[in-house]
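Numbering (this note's numbering), first residue to last: 11 to 232.
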């Protein structure tokens, strides 16, 4: 049986972690620190990692969708659901990242975390947060965000749901979301691409809108 851990203890573990020290793609000086939700989570969004910033030499809390009104992902969600972030949060929207340190952009400008980083980081922060939140409905934004959920040791999913299955194929097979479990508690998974390109933004927006309606965060017209 797992030893209970508080949200604050999880954030301290994230702050103190050195598991990816020396990894060329992991900016360990930029750490996600997320304030605990004040109400039960109705819809959880799982992002990839907090945004990278150049020239950061001293460890600092990341500026991300959770605390930065100008964050691109936050603005995308607000635009998609046509509501302010704080209003959505008051209805049960919450966001956590799969990886807790910023990712150095690759040659193409992508901040998608490497698979091994997702797997190494998961037990430190994401898996513990997810286990405490136990949300009834989850949208994963990007394959690595979905990987973090599927790699959780207590998550079970239908046999046809794999780490390499395309999100579009999963949406076609489960248009209302994929029935999953964490321990003995059920949740619905809505896989979406990360909204980086125009096509990915369109696809992700459709998934977020559907999940938000099903979670009663917005009405049918919203």
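Ideal Cβ placement from N, Cα and C applies to all residues, glycine included. Quick caveat: nothing in here was measured; it's all calculated off a predicted structure.
Quick one: is residue i buried, meaning 16 or more other Cβ sit within 10 Å of its Cβ, or exposed?
{"i": "residue 11", "result": "Note that residue 11 scores a pLDDT of 46, beneath 50, so its modelled location is shaky; the value from the coordinates is reported in the next line. With fewer than 16 Cβ atoms within 10 Å of its Cβ, residue 11 is classed as exposed."}
{"i": "residue 139", "result": "buried"}
{"i": "residue 186", "result": "exposed"}
{"i": "residue 228", "result": "buried"}
{"i": "residue 67", "result": "exposed"}
{"i": "residue 221", "result": "buried"}
{"i": "residue 192", "result": "buried"}
{"i": "residue 14", "result": "exposed"}
{"i": "residue 87", "result": "buried"}
{"i": "residue 225", "result": "buried"}
{"i": "residue 218", "result": "buried"}
{"i": "residue 81", "result": "buried"}
{"i": "residue 182", "result": "exposed"}
{"i": "residue 132", "result": "buried"}
{"i": "residue 209", "result": "exposed"}
{"i": "residue 94", "result": "exposed"}
{"i": "residue 46", "result": "exposed"}
{"i": "residue 75", "result": "buried"}
{"i": "residue 117", "result": "exposed"}
Between the Cα of residue i and those of the options, spot the shortest distance and give me the residue it belongs to.
{"i": "residue 207", "options": "188, 119, 123, 18", "result": "119"}
{"i": "residue 142", "options": "24, 27, 51", "result": "51"}
{"i": "residue 112", "options": "102, 54, 73, 216", "result": "73"}
{"i": "residue 177", "options": "27, 88, 152, 129", "result": "152"}
{"i": "residue 165", "options": "183, 136, 23", "result": "136"}
{"i": "residue 156", "options": "125, 115, 42, 182", "result": "125"}
{"i": "residue 150", "options": "96, 216, 194", "result": "216"}
{"i": "residue 21", "options": "134, 84, 116", "result": "134"}
{"i": "residue 60", "options": "53, 83, 169", "result": "83"}
{"i": "residue 71", "options": "25, 95, 224", "result": "25"}
{"i": "residue 212", "options": "33, 19, 91", "result": "91"}
{"i": "residue 179", "options": "169, 195, 65, 201", "result": "201"}
{"i": "residue 115", "options": "210, 33, 46, 223", "result": "33"}
{"i": "residue 110", "options": "36, 223, 190", "result": "36"}
Measuring CB to CB, does residue i end up less than 8 angstroms from residue j?
{"i": "residue 145", "j": "residue 197", "result": "yes"}
{"i": "residue 58", "j": "residue 122", "result": "yes"}
{"i": "residue 108", "j": "residue 148", "result": "no"}
{"i": "residue 38", "j": "residue 63", "result": "no"}
{"i": "residue 127", "j": "residue 30", "result": "yes"}
{"i": "residue 106", "j": "residue 48", "result": "no"}
{"i": "residue 53", "j": "residue 89", "result": "no"}
Taking the DSSP output, what are the residues bridged to residue i?
{"i": "residue 112", "result": "37"}
{"i": "residue 57", "result": "107"}
{"i": "residue 200", "result": "149"}
{"i": "residue 166", "result": "191"}
Self-check item: the region 172-189 touching the region 149-160, judged by at least three CB pairs closer than 8 angstroms
Solution: yes
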